[in-house]
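Chemist:
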Amino acid sequence: MLLSTTSKNTSEVLKSPKFTTLNVNDRNKYDAPNDNAKNHDFFWTYTEEPHRTRRQAIIKAHPEVTKLCGPEPLTKYLVLLVVSLQIFCAYTLRSTPFFSWRFFLTAYFVGATANQNLFLAIHEISHNLAFRSARANRALAIFANLPIGIPYSASFRPYHLTHHKSLGVDGLDTDLPTSFEAFFLDSVLGKAFFATFQILFYAIRPMMIYTIPISTCHLVNIAVQLIFDYVLVTNCSKNSLYYLILSSFLAGSLHPCAGHFIAEHYLLNMPPPGAQDELTNTQLPETFSYYGPLNFLTYNVGLHNEHHDFPAVPWSRLPALHELAKEFYDVLPSHNSWVYVIWQFVLDSKVGLNCRVKRKKGGRKVGA
Numbered sequence: 014m015l016l017s018t019t020s021k022n023t024s025e026v027l028k029s030p031k032f033t034t035l036n037v038n039d040r041n042k043y044d045a046p047n048d049n050a051k052n053h054d055f056f057w058t059y060t061e062e063p064h065r066t067r068r069q070a071i072i073k074a075h076p077e078v079t080k081l082c083g084p085e086p087l088t089k090y091l092v093l094l095v096v097s098l099q100i101f102c103a104y105t106l107r108s109t110p111f112f113s114w115r116f117f118l119t120a121y122f123v124g125a126t127a128n129q130n131l132f133l134a135i136h137e138i139s140h141n142l143a144f145r146s147a148r149a150n151r152a153l154a155i156f157a158n159l160p161i162g163i164p165y166s167a168s169f170r171p172y173h174l175t176h177h178k179s180l181g182v183d184g185l186d187t188d189l190p191t192s193f194e195a196f197f198l199d200s201v202l203g204k205a206f207f208a209t210f211q212i213l214f215y216a217i218r219p220m221m222i223y224t225i226p227i228s229t230c231h232l233v234n235i236a237v238q239l240i241f242d243y244v245l246v247t248n249c250s251k252n253s254l255y256y257l258i259l260s261s262f263l264a265g266s267l268h269p270c271a272g273h274f275i276a277e278h279y280l281l282n283m284p285p286p287g288a289q290d291e292l293t294n295t296q297l298p299e300t301f302s303y304y305g306p307l308n309f310l311t312y313n314v315g316l317h318n319e320h321h322d323f324p325a326v327p328w329s330r331l332p333a334l335h336e337l338a339k340e341f342y343d344v345l346p347s348h349n350s351w352v353y354v355i356w357q358f359v360l361d362s363k364v365g366l367n368c369r370v371k372r373k374k375g376g377r378k379v380g381a
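Using this note's numbering, the first residue of the sequence shown is number 14, and each one after it goes up by one.
1. Quick one: grab the DSSP three-state call for Thr-58.
2. According to the Cβ coordinates, are Val-237 and Glu-299 closer than 8 Å?
3. Quick check: Thr-88 and Leu-142, are their CB atoms within less than 8 Å of each other?
4. Excluding sequence positions up to five away, which residues of its chain have a Cβ less than 7 Å from the Cβ of Asn-41?
5. Can you tell me where the beta strand (DSSP E) holding Arg-372 begins and where it ends?
6. Which residues share a DSSP beta bridge with Thr-187?
7. According to DSSP, is His-140 helix, strand or coil?
8. For the segment 170-215, list the alpha helix (DSSP H) runs that are entirely contained and at least 4 residues long, ordered along the chain.
9. Do you know offhand how far Gln-296's Cα is from Asp-290's?
10. Tell me which same chain residues have a C-beta within less than 8 Å of the C-beta of Lys-73, skipping the five on either side of it?
11. Suppose only complete runs of 4+ residues qualify. What are the alpha helix (DSSP H) ranges in the segment 305-376, listed by chain order?
12. DSSP three-state label for Ser-302, please.
13. Would you call the CB atoms of His-317 and Glu-277 closer than 8 Å?
14. On a Cα-Cα basis, can you pick out the residue from Ser-146, Asn-150, Tyr-121 that is closest to Ile-389?
15. With a 10 Å radius around its C-beta and 16 neighbouring C-beta atoms as the bar for buried, classify Gly-380 as buried or exposed.
16. What does the alpha-carbon distance come out to for the pair Ala-325 and Leu-337?
17. Let me know the secondary structure DSSP gives Val-379 once reduced to three states.
18. Can you find the residues in the same chain that come closer than 6 Å, C-beta to C-beta, to Leu-133, ignoring five residues on each side of it along the sequence?
19. Asn-36: buried (16+ other C-beta within 10 angstroms of its C-beta) or exposed?
20. Could you tell me if Glu-25 is buried or exposed, where buried requires 16 or more neighbouring beta carbons within 10 angstroms of its beta carbon?
21. Are the CB atoms of Leu-257 and Ile-161 nearer to each other than 8 Å?
22. Inspect the CB distances between the segment 348-362 and the segment 268-275 and report whether three or more fall short of 8 Å.
23. Rounded to whole angstroms, what is the Cα-Cα separation between Arg-65 and Ser-362?
24. Please report how far the alpha carbon of Ser-179 lies from the alpha carbon of Leu-131, in whole angstroms.
25. Determine the direct distance from the alpha carbon of Arg-218 to that of Ile-71, and round the result to whole angstroms.
26. Any idea which residues DSSP pairs Thr-88 with across the strands?
27. Please list the terminal residues of the continuous alpha helix (DSSP H) segment that includes Tyr-243.
See the structure below:
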């Protein structure tokens with residue numbers, strides 16, 4: 014597969030019916046970079062984002078795919094289970110010293126995995142895929158936010174939906190690193206710093222790019238979280254709250270499940286010269302899926318091409334979407350390991366924070 018971390022070779026890719034040799038007259042669709050990350054800007058494109066085109070083609074080929082859309086009732090029960098697990102762990106660690114192996118290892122192996130699961134539950138809920146009612150989805154997201162320790166679910170939704178509507182659009186897609194980040198973190202140490210503290214970048218960057226209006230949902234999110242944190246500290250201890258916040262930090266740091274943040278949209282390997290996706294008319298892929306076992310813990314977020322193509326399909330039906338439209342997805346680049354993605358991102362000199370596809374125009378902001 015093109016750009017895949019698997020062993021598919023270039024000849025196999027170019028034989029795929031989905032890819033063809035790029036016409037010389039089409040090369041101006043991208044400002045092609047040099048090989049080394051230090052020597053190029055972002056990958057600027059003048060084509061439309063690929064997911065709308067592929068979605069239309071899949072619906073035409075498989076009209077029954079629309080039956081996969083709609084809420085997944087199981088989501089609310091999983092959220093309740095993981096929230097309960099984290100509250101239980103916070104309670105049991107109330108008297109455990111913060112600087113102890115028991116505290117840290119529990120936070121890393123249990124807490125970070127659980128909170129990453131809740132991050133992605135909130136991601137799922139932001140698409141209204143837990144209930145049919147928008148209000149019920151907002152309430153569940155606020156509940157799922159509790160073990161995170163810091164209120165963010167109400168703000169996440171509009172920024173994330175704008176990411177879908179404005180994939181790669183400079184100034185709108187807050188998933189894109191800024192030029193400042195790409196320049197100052199363009200080294201092994203810089204990328205290691207980013208990978209270690211990426212949760213902070215994802216938390217702060219959106220507000221630096223544009224602000225969203227404060228809604229009633231934001232105020233409720235903040236109030237409920239502050240009340241929960243206060244009750245937790247007064248009935249357990251400060252260490253209980255520290256456990257939850259440390260779990261959130263580690264979930265977005267050097268943790269296997271955190272690899273999805275980088276794996277989803279970073280271009281880690283250049284395609285063979287002249288390769289182009291005939292269907293979407295794009296030279297460089299913008300989204301990458303992962304089909305490994307960690308999807309079990311992360312609401313199938315690894316099936317990211319599938320998710321961007323059909324954001325109304327819930328996590329539980331993304332594998333069915335993939336199977337239904339295998340001819341569209343099997344030829345796309347993918348990853349086998351989120352751990353390897355982090356490793357390659359940090360150590361490969363040809364990879365940097367500017368290895369992302371950007372476009373000047375398109376999309377729109379989505380309000381709260």
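Ideal placement from N, C-alpha and C gives every residue a C-beta, glycine not left out.
Modeler: Quick answer:
1. Stepping through the sequence shown from its first residue, residue 58 is reached at position 45. Thr-58 falls in the strand class under three-state DSSP.
2. One-based indexing of the sequence shown puts residue 237 at position 224. One-based indexing of the sequence shown puts residue 299 at position 286. It is not a contact, given that the beta carbons lie outside the stated cut-off.
3. Along the sequence shown, read from residue 1 onward, the residue named residue 88 stands at position 75. Along the sequence shown, read from residue 1 onward, the residue named residue 142 stands at position 129. Cβ distance < 8 Å, so Thr-88 and Leu-142 count as in contact.
4. Position 28 of the sequence shown holds residue 41. Confidence at Asn-41 is low in this model, with a pLDDT of 39, below 50, so its placement is unreliable and no value can be given for it.
5. As a first step, residue 372 is located in the sequence shown; it is residue number 359 there, counting from the start. Counting along the chain, the beta strand (DSSP E) containing Arg-372 begins and ends at 370-372.
6. By 1-based counting over the sequence shown, the position of residue 187 is 174. In DSSP, Thr-187 forms no bridge with anything.
7. As a working note, residue 140 is residue 127 in the sequence shown. Coil, per DSSP.
8. 192-197, 201-209
9. Locating residue 296 in the sequence shown gives position 283, where the first residue counts as 1. Locating residue 290 in the sequence shown gives position 277, where the first residue counts as 1. The alpha-carbon atoms of Gln-296 and Asp-290 are separated by roughly 6 Å.
10. Position 60 of the sequence shown, counted from the start, is the residue given in the question as residue 73. So the list is empty, once near-sequence residues are dropped.
11. 317-322, 331-337, 339-342, 351-360
12. Counted from its first residue, the sequence shown places residue 302 at position 289. Reduced to three states, the DSSP call for Ser-302 is strand.
13. On the sequence shown, position 304 is the one that residue 317 refers to. On the sequence shown, position 264 is the one that residue 277 refers to. Yes; because the gap between Cβ atoms is below 8 Å, this pair is in contact.
14. With the chain covering 14 to 381 only, the question about residue 389 has no answer from this structure.
15. Counted from its first residue, the sequence shown places residue 380 at position 367. Per the 10 Å Cβ criterion, exposed.
16. By 1-based counting over the sequence shown, the position of residue 325 is 312. By 1-based counting over the sequence shown, the position of residue 337 is 324. Going from the Cα of Ala-325 to the Cα of Leu-337 covers about 16 Å.
17. Within the sequence shown, numbered from 1, the residue matching residue 379 stands at position 366. Here Val-379 sits in coil by DSSP.
18. Here the question's residue 133 lines up with position 120 in the sequence shown. If we look at Leu-133 and ignore the five residues flanking it on each side, its Cβ neighbours are Thr-311, Tyr-312, Val-314.
19. Here residue 36 refers to the residue found at position 23 when the sequence shown is read from its first residue. Note that Asn-36 scores 32 on pLDDT, short of 50, meaning its location in the model is unreliable and no value can be drawn from it.
20. Indexing the sequence shown from 1 puts residue 25 at position 12. Reliability of the predicted coordinates at Glu-25 is poor, the pLDDT of 35 falling under 50, and the value obtained from them is presented with this limitation in mind. When all chains shown are included, Glu-25 counts as exposed.
21. Within the sequence shown, the letter at position 244 stands for residue 257. Within the sequence shown, the letter at position 148 stands for residue 161. Contact flag set, yes.
22. yes
23. For the purposes of this step, residue 65 is taken as the residue at position 52 of the sequence shown. For the purposes of this step, residue 362 is taken as the residue at position 349 of the sequence shown. Their backbone Cα atoms lie some 33 Å apart in a straight line.
24. Residue numbering aside, residue 179 sits at position 166 when the sequence shown is read from its first letter. Residue numbering aside, residue 131 sits at position 118 when the sequence shown is read from its first letter. Going from the Cα of Ser-179 to the Cα of Leu-131 covers about 24 Å.
25. Numbered from 1 along the sequence shown, position 58 holds the residue referred to as residue 71. Numbered from 1 along the sequence shown, position 205 holds the residue referred to as residue 218. If I take the Cα positions, the gap works out to 34 Å.
26. Sequence index remark: in the sequence shown, residue 88 carries index 75 (1-based). Its beta-bridge partners do not exist; DSSP assigns none.
27. Taking the first residue of the sequence shown as position 1, residue 243 is located at position 230. Where Tyr-243 is concerned, the enclosing alpha helix (DSSP H) stretches over 229-248.
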